[in-house]
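Chains as they are written, first to last, in the working numbering: chain B, 41 to 154; chain W, 41 to 154. To start, the structure under review is shown below, and the notes come after it.
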DNA sequence: GCCAATATGTAGGATTACTAGCTATCCCGA
DNA sequence: TCGGGATAGCTAGTAATCCTACATATTGGC
């Protein structure tokens, strides 16, 4: 993989679900919301966003519906009940994960184990 | 991949480098250090640890040397200078990343973007 | 008339961390 | 004494993820 790629490290799904927490959005709007909400850090290529949304829809965590706005077709997604509870679980999971990683990275000096 | 797997999500390398920050350790000791340092959350299988160490060594971030202790052969690893600066960079990177993710997950209510 | 922004999509590939399996030694308990 | 757990190392194969690159189409500004 390219040197600087793989920036999301497995947390894409939570981010997408979180973007939908406040109400339905279409794919492109989600992409923009994440870019702005992260101060430009998560500027996801469309080849990342759309397949991920399809995956989440297949998993029943979001539900999509087509519409046409200004002559452009859109697929708007909303969180399902499963998606809602999954988001809650993943939020808790993230907090634990982040705390564990931070704990290890910031441990200084490291207690001698061997 | 199995449903609950992939727990490390791309952060394995930083964790391994961080475990070596306080001085050389061999693979098994690194595995134990991460398990204890994370309160049991990062209990890595050896099939995860050893290939990752080989990868880091190939990349020149750590350097290994064989020894024999109590009849068991060991490969001890230390951080190289490159590994040291990589660790510093990855630590900073983690802080930014974690802050961005937390910011998005905890944003409530989400500002309407579209 | 052209190009950026908006909007959606697929194909294929690089990387990652996992499961499953293997070898070998030491030490403790039955 | 014999077995098994802990220690210590390894590989092969695989599922998943996110990326690049490409394709399509509309709207609106220059």
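Yeah, the Cβ is synthetic: ideal placement off N, Cα and C, and Gly gets one too.
Apart from the five residues just before and just after residue i, which ones in its own chain have a Cβ nearer than 8 Å to its Cβ?
i                     : result
residue 82 (chain W)  : 47, 48, 55, 74 and 75
residue 26 (chain B)  : As shown, chain B starts at 41 and ends at 154. That puts residue 26 (chain B) outside it, with no answer to give.
residue 64 (chain B)  : 116, 117 and 118
residue 109 (chain W) : none
residue 139 (chain W) : none
Let me check one thing: in DSSP terms, what residues is residue i bridge-paired to?
i                     : result
residue 108 (chain B) : B:113
Taking residue i as the reference, which of the options has the closest Cα?
i                     : options                      : result
residue 112 (chain B) : B:66, B:78, B:77 and B:51    : B:66
residue 136 (chain B) : W:99, W:79 and W:105         : W:79
residue 77 (chain B)  : B:60, B:86, B:140 and B:90   : B:60
residue 96 (chain W)  : W:85, W:62, W:134 and W:127  : W:127
residue 122 (chain B) : B:57, B:139 and B:52         : B:57
residue 212 (chain B) : B:109, B:134 and B:115       : Lying outside 41 to 154, the shown extent of chain B, residue 212 (chain B) is not represented and no answer is given.
residue 85 (chain B)  : B:109, B:144, B:133 and B:52 : B:52
Any beta carbon from chain B within less than 7 Å of residue i's own beta carbon?
i                     : result
residue 78 (chain W)  : yes
residue 92 (chain W)  : no
residue 131 (chain W) : yes
residue 55 (chain W)  : yes
residue 119 (chain W) : no
residue 101 (chain W) : no
With a CB to CB cut of under 6 Å and the five nearest residues on each side skipped, what residues in its chain are close to residue i?
i                     : result
residue 130 (chain B) : 54
residue 141 (chain W) : none
residue 105 (chain W) : 116
Mapping DSSP to helix, strand and coil, what is residue i?
i                     : result
residue 55 (chain W)  : helix
residue 145 (chain W) : helix
residue 101 (chain W) : coil
residue 93 (chain W)  : helix
residue 118 (chain W) : strand
residue 74 (chain W)  : helix
residue 48 (chain B)  : coil
residue 65 (chain B)  : strand
residue 127 (chain W) : helix
residue 137 (chain B) : helix
residue 87 (chain W)  : helix
Counting only beta-carbon separations shorter than 7 Å, does residue i have a partner in chain W?
i                     : result
residue 116 (chain B) : no
residue 81 (chain B)  : yes
residue 104 (chain B) : no
residue 140 (chain B) : yes
residue 49 (chain B)  : yes
residue 96 (chain B)  : no
residue 145 (chain B) : yes
residue 58 (chain B)  : yes
Using C-beta distances below 7 Å, list every residue in its chain close to residue i, excluding the 5 sequence neighbours before and after it, in chain order.
i                     : result
residue 89 (chain W)  : 67, 70 and 71
residue 107 (chain B) : 114 and 116
residue 91 (chain W)  : none
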